Amino acid sequence: MEKKKRIVARTGHLRRWIAAAAIGLMAVVVGAPSALAQSSESVEGQTYVIGTDTTFAPFEFRQDGELTGIDMDLLRAIAEDQGFEVEIRSLGFNAALAALSSNQVDGVIAGMSITDERKEIYDFSEPYFESGVQMAVAANNEDITSYEDLKGKTVVAKTGAEGESYAKSIAKEYGFKIKSLDQSATMYESVKAGSAVAVFDDYPVLAYGIAQGNGLKTVTDKVPGGSYGFAVNKGENTALLAAFNDGLAELKASGEYDQILDSYLADPTASTPGNFFDLLVKSMPALMTGLWHTLLVTAISFAIAMALGLVFGFMKISGNIVLRGIATTFVNIFRGTPLLLWAFMFYFGLPQLTGWEISVWTAGVLTLSLNAGAYVAEIVRGGIQSVDPGQLEASRSLGLGYGKSMQKVVIPQAFKMMTPSLINQLIISLKDSSLLLAIGFTELLYQGQQIYAANFRVTETLLIVGIIYFIAIMALTKLANYADRRFNK
Numbered sequence: 001m002e003k004k005k006r007i008v009a010r011t012g013h014l015r016r017w018i019a020a021a022a023i024g025l026m027a028v029v030v031g032a033p034s035a036l037a038q039s040s041e042s043v044e045g046q047t048y049v050i051g052t053d054t055t056f057a058p059f060e061f062r063q064d065g066e067l068t069g070i071d072m073d074l075l076r077a078i079a080e081d082q083g084f085e086v087e088i089r090s091l092g093f094n095a096a097l098a099a100l101s102s103n104q105v106d107g108v109i110a111g112m113s114i115t116d117e118r119k120e121i122y123d124f125s126e127p128y129f130e131s132g133v134q135m136a137v138a139a140n141n142e143d144i145t146s147y148e149d150l151k152g153k154t155v156v157a158k159t160g161a162e163g164e165s166y167a168k169s170i171a172k173e174y175g176f177k178i179k180s181l182d183q184s185a186t187m188y189e190s191v192k193a194g195s196a197v198a199v200f201d202d203y204p205v206l207a208y209g210i211a212q213g214n215g216l217k218t219v220t221d222k223v224p225g226g227s228y229g230f231a232v233n234k235g236e237n238t239a240l241l242a243a244f245n246d247g248l249a250e251l252k253a254s255g256e257y258d259q260i261l262d263s264y265l266a267d268p269t270a271s272t273p274g275n276f277f278d279l280l281v282k283s284m285p286a287l288m289t290g291l292w293h294t295l296l297v298t299a300i301s302f303a304i305a306m307a308l309g310l311v312f313g314f315m316k317i318s319g320n321i322v323l324r325g326i327a328t329t330f331v332n333i334f335r336g337t338p339l340l341l342w343a344f345m346f347y348f349g350l351p352q353l354t355g356w357e358i359s360v361w362t363a364g365v366l367t368l369s370l371n372a373g374a375y376v377a378e379i380v381r382g383g384i385q386s387v388d389p390g391q392l393e394a395s396r397s398l399g400l401g402y403g404k405s406m407q408k409v410v411i412p413q414a415f416k417m418m419t420p421s422l423i424n425q426l427i428i429s430l431k432d433s434s435l436l437l438a439i440g441f442t443e444l445l446y447q448g449q450q451i452y453a454a455n456f457r458v459t460e461t462l463l464i465v466g467i468i469y470f471i472a473i474m475a476l477t478k479l480a481n482y483a484d485r486r487f488n489k
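Letter by letter, the sequence shown follows residues 1 to 489 of full-length UniProt numbering.
Pasting the structure below:
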């Protein structure tokens, strides 16, 4: 079938408790009007924003930079059949659900099992795939052949997935421990590295990964699992849900549904590049896009952070107790809370509280600039206070006012002492930008995750990403040091 226009998403490692905290905060304002929900009963001509996972091959993954997979093909085919458009945002499973709760997206399709617990929060379509769970071990492991061999050992399963639910249901019976991870590719690496002896995952995901050479083998039969469904917020977007069901029925009747599934499941073939050089060449366009986004968001946010840092830094040494209190509060809040929490709050929480849609770029810049601004404020305060007070007194004794004394004498000396710390904070901001992958920001590490999710060459891909980060940081450090020598002679 002809693919509809792909829309590149806006993030990996995502902590479940942070997502839960974001959803909990949003629940405080339940009942706020949806920013995206369509009121019309007809979907024809409408554009809907759909959230999905980032790495769940063969249901959603990137191939040659394009978001593809069973879920993506089904969604686009249904949209074409029913006459509506979709904008797909690749967020990650938990982040996609948080986005749905905050009305950042209209629906979610992400290999999501229909459960009674979820049905209390979301309305689901008719099932579009019947799942099942299998257990796999490393290809060279001859010791684990059944559940009985797991006693006293650790297994891995994907957070919130059917595999995790099944593993938990039998863990006590067979005496093993479960470690939950966010991505299939990292679960498989954990098994190959020996930190876990087996993985529980949905059978089509395992089958596809094994075909791509993920280094595992299945050792148990498929256990019938739940059904996958398309989800919307309860009581909202009923027309979209009905259109999905109608389109799904049409695809099944025409045979296109079976064609889509067979293209990924009937005979999955390996698409992994042959060697490291091939992987490097094939990955470079996506990684360069990610690097550009990383450098751009760092530059924008650090410029804002410098302005904030100067303002609040001077306020912290002000003689006005109110100004000092405001600055101290700002610094304590943004320096004393996790950066990732603010990324979730700005991208998911703020739209729910205000009714305004926030782009991933806006959320990313706000997160990095406010966090870095708190640290820059302390750098500015410390730099000014480190200048010998006698310098200011001597300047005043020569007839200069306080403002001119600060401008001509104190600040130039303070800036020279602050420069190394500011350069260090710039480097930290660049590295911190990788955390934005959790909200789907397409920075460098996010692009790396998209690549290894499709080819399962995690170590090699991360090695390439690490080298690019190292080169970028070294170049940025050299440039900053040159500027320091040039302007601080």
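Even glycine gets a Cβ: it sits at the ideal position worked out from N, Cα and C. Values in this document were obtained by computation on a predicted structure and should not be read as measured data.
- Item | Other residues of its chain near V223: CB distance less than 8 Å, five sequence neighbours each side excluded | As a working note, residue 223 is residue 223 in the sequence shown. Excluding positions up to five away in sequence, the list reads G132, V133, Q134, Y166.
- Query: Within 10 angstroms of its Cβ, does E66 collect 16 or more other Cβ (buried), or is it exposed?
  - Reply: Numbered from 1 along the sequence shown, position 66 holds the residue referred to as residue 66. With fewer than 16 other Cβ atoms from the protein chains shown falling within 10 Å of its own Cβ, E66 counts as exposed.
- Message: So, for L370: in the same chain, excluding its five sequence neighbours on each side, which residues have a beta-carbon less than 6 Å away from its beta-carbon?
- Response: In the sequence shown, the residue the question calls residue 370 occupies position 370. Once the five neighbours on either side are set aside, the close Cβ partners of L370 are F334.
- Query: Nearest to D432 by CA position, among V105, L340, G225, I109, is which residue?
  - Reply: Position 432 of the sequence shown, counted from the start, is the residue given in the question as residue 432. Minimum Cα distance to D432 is reached at L340.
- Query: Roughly how far, in whole angstroms, is the beta-carbon of L287 from the beta-carbon of I467, given that I think they are within contact range, below 8 Å?
  - Reply: Counting from one through the sequence shown, the residue named residue 287 turns up at place 287. Counting from one through the sequence shown, the residue named residue 467 turns up at place 467. Not really, about 10 Å apart at Cβ, beyond 8 Å.
- May I ask you to report which of helix, strand or coil DSSP gives D202? Your numbering for residue 202 matches position 202 in the sequence shown. Three-state DSSP puts D202 in a strand.
- Per DSSP, E80 is paired with what? As a first step, residue 80 must be located in the sequence shown, where it is residue number 80. Per DSSP, none; premise fails for E80.
- Task: Determine the burial state of G83: buried for a count of at least 16 other Cβ atoms within 10 Å of its Cβ, exposed for fewer.
- Result: If you number the sequence shown from 1, residue 83 lands on position 83. By the neighbour-count rule (16 or more Cβ atoms within 10 Å), G83 is not buried but exposed.
- Query: According to the Cβ coordinates, are G336 and D202 closer than 8 Å?
  - Reply: One-based indexing of the sequence shown puts residue 336 at position 336. One-based indexing of the sequence shown puts residue 202 at position 202. Their beta carbons are not under 8 Å apart, which means G336 does not touch D202 by this criterion.
- Please look up how many angstroms separate the CB atoms of L462 and G448, rounded, as I've assumed it's under 8 Å. Here residue 462 refers to the residue found at position 462 of the sequence shown. Here residue 448 refers to the residue found at position 448 of the sequence shown. The Cβ separation is near 6 Å, so the contact holds.
- Around the Cβ of G24, are there at least 16 other Cβ atoms within 10 angstroms (buried) or fewer (exposed)? Here residue 24 is taken as the residue at index 24 of the sequence shown, counted from 1. Unreliable placement is indicated for G24, whose pLDDT of 41 sits below 50; the coordinate value is still reported in the next sentence. So G24 counts as exposed.
- Item | Cβ-Cβ separation, D106 to N214 (assumed contact under 8 Å), whole Å | Mapped onto the sequence shown, residue 214 falls at position 214. Mapped onto the sequence shown, residue 106 falls at position 106. Contact doesn't hold; Cβ gap of about 33 Å is too wide.
- Item | Where A110 sits in the DSSP three-state scheme | On the sequence shown, position 110 is the one that residue 110 refers to. Looking at A110 - three-state DSSP - the assignment turns out to be coil, as it is neither helix nor strand.
- Where does V137 sit, in a helix, a strand or coil, going by DSSP? The residue given as residue 137 occupies position 137 in the sequence shown. Note: V137 maps to strand in three-state DSSP.
- Would you list the one or two residues that DSSP bridges to Q63? Here residue 63 is taken as the residue at index 63 of the sequence shown, counted from 1. Note: Q63 sits in a beta bridge opposite E66.
- Using 10 angstroms around the beta-carbon of K316, count the other beta-carbons present and answer buried if the total reaches 16, otherwise exposed. To locate residue 316, count along the sequence shown from 1; it is residue 316. Its Cβ being crowded by 16 or more others within 10 Å, K316 is buried.
- Message: If you follow the beta strand (DSSP E) that N233 is in, where does it begin and where does it stop?
- Response: To locate residue 233, count along the sequence shown from 1; it is residue 233. First-last of the beta strand (DSSP E) with N233: 231-233.
- Task: Put R381 into one of helix, strand or coil per three-state DSSP.
- Result: One-based indexing of the sequence shown puts residue 381 at position 381. Residue state, collapsed to three classes: helix.
- Item | V331 - containing alpha helix (DSSP H), residue span | Translated into the one-based positions of the sequence shown, residue 331 becomes position 331. 321-335 is the span of the alpha helix (DSSP H), which, as asked, contains V331.
- Item | Three-state secondary structure (DSSP) of D221 | In the sequence shown, counting from the first residue as 1, residue 221 sits at position 221. Looking at D221 - three-state DSSP - the assignment turns out to be coil, as it is neither helix nor strand.
- Item | Limits of the unbroken alpha helix (DSSP H) element including I121 | Position 121 of the sequence shown, counted from the first residue, corresponds to residue 121. Taken as a continuous stretch (DSSP letters only), I121 belongs to no alpha helix (DSSP H), as it is neither H nor E.
- Task: Return the residue from the list A171, N140, E162, N141 that minimises the CA-CA distance to E148.
- Result: Position 148 of the sequence shown, counting from 1, holds the residue named residue 148. Looking at A171, N140, E162, N141, the one whose alpha-carbon comes closest to that of E148 is A171.
- Task: Tell whether a beta-carbon distance below 8 Å holds between L436 and A343.
- Result: Reading the sequence shown from its first residue, position 436 is the one you call residue 436. Reading the sequence shown from its first residue, position 343 is the one you call residue 343. Yes. Within cutoff.
- Going by Cα to Cα distance, which pick from E60, D123, K153, A211 is closest to R457? Here residue 457 corresponds to residue number 457 of the sequence shown, with the count starting at 1. Selected option, being the one with the closest Cα: A211.
- Give a yes or no on contact between the region 230-248 and the region 112-125, applying the rule of three or more CB pairs nearer than 8 Å. Here the region 230-248 lies against the region 112-125, with 3 or more beta-carbon pairs under 8 Å apart.
- Find the nearest neighbour of L368 within the set P412, P420, A77, T298, judged by alpha-carbon distance. Against the sequence shown, residue 368 aligns to sequence position 368. L368 has its Cα closest to that of T298, out of P412, P420, A77, T298.
- Query: Rounded to a whole number of angstroms, what is the C-alpha to C-alpha distance between D53 and A453?
  - Reply: The residue given as residue 53 occupies position 53 in the sequence shown. The residue given as residue 453 occupies position 453 in the sequence shown. Cα to Cα, the separation comes out at about 11 Å.
- Message: With H, G and I counted as helix, E and B as strand and the rest as coil, what does DSSP make of residue 492?
- Response: The displayed coordinates of the chain run from 1 to 489. Any statement about residue 492 would go beyond what the structure contains.
- Counted within 10 angstroms of its Cβ, other Cβ atoms place G160 as buried (16 or more) or exposed: Walking along the sequence shown from the start, residue 160 turns up at place 160. Buried.
- Item | Same chain, Cβ closer than 6 Å to S301, five either side skipped, listed in chain order | The residue given as residue 301 occupies position 301 in the sequence shown. V365, L368, S369.
- Item | Where A427 falls: helix, strand or coil (DSSP) | The sequence position of residue 427 within the sequence shown is 427, counting from 1. The sequence given here has Ile at residue 427, not Ala. Helix, per DSSP.
- Have a look at Q450 and P389 and give me their C-alpha separation to the nearest angstrom. Numbered from its first residue, the sequence shown carries residue 450 at position 450. Numbered from its first residue, the sequence shown carries residue 389 at position 389. Rounded to whole angstroms, Q450 to P389 spans 54 Å at the Cα level.
- Message: On a Cα-Cα basis, can you pick out the residue from D182, K177, L206, V205 that is closest to A196?
- Response: Taking the sequence shown and counting its residues from 1, the one referred to as residue 196 is at position 196. The residue with the shortest Cα to Cα distance from A196 is K177.
- Three-state class that DSSP yields for A480 in the structure shown: The residue given as residue 480 occupies position 480 in the sequence shown. The answer is helix: DSSP assigns A480 an H, G or I state.
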